[in-house]
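What follows is one structure encoded as structure tokens, with my remarks underneath.
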Amino acid sequence: MSDVTATIRLESPTLALTEAVAHDPTATVRPVAGAGTVPDSGRYLFTVRSANFDRFEDGLRGDDTVAGFKRVVPGDTESVYSFAYTPAATLFSPAIAAVDGVSREWINDGTAWTVRVWLPERSGLATLQTYAADNGIEFTLEAVTDYAAPVGPDSGLTPKQERALEVALERGYFEEPRGATLEDVAAELGITQPAAGGLLRRGLKRLVVAATDDGRGE
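Numbering-wise, full-length UniProt numbering puts 29 at position 29 of the sequence shown, and it's gapless, one number per residue.
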């Protein structure tokens with residue numbers, strides 16, 4: 001298995017939303033977990049934390065990458081926004097999708113973005129770096145970790161357990177803080193929360209048994 005999880009820092013004034021978040025230093029912006037990084041609708045959902053949403057929205061109006069926005073779930077310190085981008089916006093998500101990667105976290109870092117991404121092949125990193133260079137994006141690889149969970153014919157996982165663990169991993173269920181709830185995982189699997197929880201618990205136990213090779217099954 002050659003898949004990896006990488007932390008990448010991206011910086012470019014043409015990256016979508018960069019000017020808006022730079023206008024409001026109190027703002028932190030993250031994609032809504034499970035909403036998709038390249039939605040067919042052309043609109044992108046983000047959770048925004050800010051001490052002053054009026055200032056943040058002023059930044060949106062002055063951002064050449066933003067064609068329109070809507071505050072779809074308002075809150076005092078945290079809101080969900082829907083964004084549409086202009087042709088001037090440079091997007092990195094399509095490059096991740098093109099190498100079959102999964103964005104696990106995006107967070108703004110001043111005028112830059114820190115991205116955690118899972119890639120099925122380490123070679124995908126070179127493809128992403130080339131895409132960044134071709135689009136004038138400063139690309140810094142901050143960390144890379146080989147993913148070596150014992151999933152396979154010797155893991156003892158049932159197909160349902162393997163699928164549940166894959167969905168939970170992709171949705172950020174195992175992240176800290178969590179990017180998805182058990183309800184989110186269950187909804188994607190089309191089962192109840194107790195059933196999803198049972199699949200995850202039994203699947204994780206089987207992985208631990210396979211990893212430690214102590215011969216105890218379930």
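Every residue, glycine too, gets a C-beta built ideally from N, C-alpha and C.
For Gly-179, no beta strand (DSSP E) segment is defined, and its DSSP state is neither H nor E.
Its chain contains Gly-203, Arg-206 as the residues whose beta carbon lies nearer than 6 Å to that of Leu-157, once the 5 sequence neighbours on both sides are disregarded; these appear in chain order. The beta-carbon distance between Asn-108 and Val-29, rounded to whole angstroms, is 5 Å. This is short enough to meet the 8 Å contact definition. Comparing alpha-carbon positions, the option among Arg-61, Asp-100, Thr-192, Ala-98 lying closest to Thr-86 turns out to be Arg-61.
Segment contact: the segment 72-88 against the segment 108-125, fewer than three CB-CB distances shorter than 8 Å; contact not assigned. Here DSSP, grouped into helix, strand and coil, assigns Ser-50 to coil. Taken in chain order, the complete beta strand (DSSP E) segments of 3 residues or longer contained in the segment 50-79 are 66-73. Apart from the 5 residues on each side of it in sequence, Lys-70 sits with its Cβ closer than 6 Å to the Cβ of Ser-82 in its chain, given in chain order. Taking C-beta atoms under 8 Å as the contact rule, Ala-89 and Thr-14 qualify, at a distance of about 7 Å. Distance from the Cα of Gly-59 is smallest, within the candidate group Leu-91, Glu-19, Val-48, Thr-26, for Glu-19. Assignment of Ile-191 by DSSP, reduced to helix, strand and coil, places it in the coil class.
Residue state for Ile-96 is assigned as helix, using DSSP reduced to three classes. Per DSSP, the continuous beta strand (DSSP E) segment holding Leu-119 begins and ends at 112-119.
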